[in-house]
Amino acid sequence: MSGRKYFLRLLPAAAFLLFLPFQATLSAEPVEGTMSADTINYNVNTKKISAVGNVIIKREGAILWGDKGEGSTETSEFTLQGNVKGTFPAEKAELTADKVKWTGSKSAENDGIAEAFGKVHLTRGTNEKIDADYVLWELGTKNYTARGNVDAKTENNILIANEAGQTKDKFWGKKVKRYEDIRQKLVVSADSVNGTTVNEQISELVAVGKVVMDFVDKEGLKSMVTGDKGVYSKTKATFVMSGNAKAVRSDGKTVSADSIIMHEDTNDIEAIGNSKITFITNDKKSN
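40 is the number of the first residue of the sequence shown in the working numbering; add one for each residue after it.
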């Protein structure tokens, strides 16, 4: 009969062989994967699959575990929920979350997508970790987007924000509480931050809205610079703060102006427009 639906039900300790196709090119070979669980239901017409109890999905060395799962063997999209964890040996990565949606199809840009929801903890390599309420990770790359209570750390960088992300060597953040380059001793907070890194060190950085930049110069003096917009260039060795700019150094000097340029190499400060400098003198009275 044409309207009849066919279901395949596998009972406890069941395993099901999946052929997950590459969707990027018609000539790509299917990728073999497996799903195992206590119970698996498979609709042979819709190619949809659901599983309950000790669900495990394996694909090209990557493994995801969860309490229950569902997806499609036709689209290569699978969702696991409940105590989800995953290992990605090729990426030297591990992932835990309340829920993970895994798109296994490869493309020219990545090896698939992992979207994680709820108490997400992602580690990549030996020095990188990302904690957030939501993380989208492009497998096979360093690219990610994170939202909600983002706390991302590498060996040299710390990023705490409401939203953040990375695409190749570019990074960005919104409602940034702290972005720190540990080696360059630079700390920034702002409504938004975006920039470029080279070998995990800031090359260019633009911060906008309620900007606060803390840094330590080559003489070991700490400075705090505030304003509406801040721009850092490693090539030019300058910090440029514009809009209600103010710089306070730990030696007691305070500079305010429309714009302030701080030269990293020489420690010179340029104040441009409505500029004012305040400094403390230590006068000694002679007897």
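Just so you know, even glycine gets a beta-carbon here, dropped at the ideal spot from N, CA and C. Note that this is a predicted model, so its numbers are computed, not measured.
Residue j beta carbon less than 8 Å from that of residue i
i, j, result
"residue 147", "residue 159", "no"
"residue 179", "residue 149", "yes"
"residue 312", "residue 295", "no"
"residue 166", "residue 135", "no"
"residue 199", "residue 189", "yes"
Limits of the beta strand (DSSP E) - the one that residue i falls within
i, result
"residue 308", "308-311"
"residue 223", "Residue 223 -> no beta strand (DSSP E), and no H or E assigned at all."
"residue 287", "277-288"
"residue 80", "78-82"
"residue 177", "167-177"
"residue 266", "261-272"
Coarse secondary structure for residue i, derived from DSSP in three states
i, result
"residue 130", "helix"
"residue 162", "strand"
"residue 295", "strand"
"residue 195", "coil"
"residue 65", "With a pLDDT of only 36 at residue 65, under the threshold of 50, the placement of this residue in the model should not be trusted, and no figure is reported."
"residue 305", "coil"
"residue 200", "strand"
"residue 149", "coil"
Rounded C-alpha distance that separates residue i from residue j
i, j, result
"residue 114", "residue 83", "14 Å"
"residue 225", "residue 201", "20 Å"
"residue 69", "residue 162", "Confidence in residue 69 is poor, its pLDDT being 48 and thus under 50, which makes the residue's placement unreliable; the coordinate value appears in the next sentence. Using only the alpha carbons, I get a separation of about 29 Å."
"residue 265", "residue 285", "5 Å"
"residue 119", "residue 85", "19 Å"
"residue 104", "residue 183", "21 Å"
"residue 254", "residue 234", "17 Å"
"residue 256", "residue 283", "22 Å"
"residue 99", "residue 151", "12 Å"
"residue 168", "residue 133", "9 Å"
Check: residue i C-beta below 7 Å from any heavy atom of the ligand ADP
i, result
"residue 177", "Only the bare structure without any ligand can be found here, which leaves the ligand ADP out of the picture."
Per DSSP, cross-strand counterpart(s) of residue i
i, result
"residue 111", "87 and 116"
"residue 188", "Residue 188 pairs with nothing; no bridge assigned."
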